[in-house]
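No gaps in the numbering here: position 94 of the sequence shown is 93 in numbering that gives the first Met the number 0, and each next residue is one more. Ideal Cβ placement from N, Cα and C applies to all residues, glycine included. From a predicted model like this one, the values you see are computed outputs, not experimental measurements.
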Amino acid sequence: MAQPTPDIETIRASYQEFSDSFETLLMATSNNSGQPEASYATYIKDSGEYYVYLSELAPHTGNLLEHPQCSVLFIENEEDASHLFARQRLTYQCEASEVTRGSDHFENIMDKFEKKFSNFMKTLRQLEDFHLFRIKPNKGSYVAGFAKAYEISGPNLETITLRNEKGHTSQNKSVESKINNVAAA
């Protein structure tokens, strides 16, 4: 059973509000052997881009310096999810670049970190083994629930497309009906 076409601006507002509710992001990077490594970091969002301040002691720092492609994930807490198989989540494929320490841009973003995370950032800001990275999303996906999956693409991520307008399918129509009822909830 086809799901009704959602209002794109409502979807955009929904995933932006969802990601803005977090103070940390989950991040996947890859090391020199091509092995994926999952981590997390506090972040600042500025003009649609994410900024993370990372220590050289953490593997993700070296990974981003050597391999700037990464993925960022925001995912609903398990205890808040109405169904574990359909946790709300937003994933971005991104490009990372280091912001030069001492530049006006570095100082501006670090001031925002201090404002958001208080005095602790004043200390971290002084540590020279830390690097500030700009994480720019290139494309993404947003899952709002069962059969509510959207692709986010285009310049400035302005294009939002329902991934599958048919919803979930099965040769067993009663299974298809059950899953579509869950999706409609």
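Residue i versus residue j: straight-line alpha-carbon distance, rounded
i: residue 134; j: residue 81; result: 30 Å
i: residue 0; j: residue 145; result: Bear in mind that the predicted position of residue 0 carries a pLDDT of just 45, short of 50, making it unreliable; the figure below should be weighed with that in mind. Roughly 13 Å separates the two Cα atoms.
i: residue 153; j: residue 137; result: 8 Å
i: residue 49; j: residue 43; result: 6 Å
i: residue 114; j: residue 124; result: 12 Å
i: residue 20; j: residue 65; result: 30 Å
i: residue 94; j: residue 79; result: 30 Å
i: residue 159; j: residue 151; result: 5 Å
i: residue 7; j: residue 156; result: 12 Å
i: residue 107; j: residue 47; result: 15 Å
i: residue 141; j: residue 22; result: 18 Å
i: residue 91; j: residue 45; result: 16 Å
i: residue 30; j: residue 68; result: 11 Å
i: residue 162; j: residue 120; result: 40 Å
i: residue 104; j: residue 98; result: 7 Å
i: residue 16; j: residue 96; result: 25 Å
i: residue 118; j: residue 58; result: 25 Å
Residue i and residue j closer than 7 Å at C-beta
i: residue 132; j: residue 51; result: yes
i: residue 77; j: residue 87; result: no
i: residue 130; j: residue 60; result: yes
i: residue 191; j: residue 83; result: Given a span of 0 to 184 for the chain in the structure shown, any question on residue 191 remains unanswerable.
i: residue 26; j: residue 18; result: no
i: residue 128; j: residue 32; result: no
Buried or exposed by the 16-neighbour rule on C-beta atoms within 10 Å, applied to residue i
i: residue 35; result: exposed
i: residue 101; result: exposed
i: residue 28; result: buried
i: residue 139; result: buried
i: residue 143; result: buried
i: residue 12; result: exposed
i: residue 147; result: buried
i: residue 62; result: buried
i: residue 126; result: exposed
i: residue 56; result: exposed
i: residue 73; result: buried
Unbroken stretches of the alpha helix (DSSP H), 4 residues or longer, contained in the region 2-50: 7-19
Which ranges does the beta strand (DSSP E) cover as unbroken runs of at least 3 residues, wholly within the region 118-165, from first to last along the chain? 129-144, 147-152, 158-161
Can you give, in chain order, each stretch of the alpha helix (DSSP H) that sits fully within the region 60-116 and has at least 4 residues? 103-116
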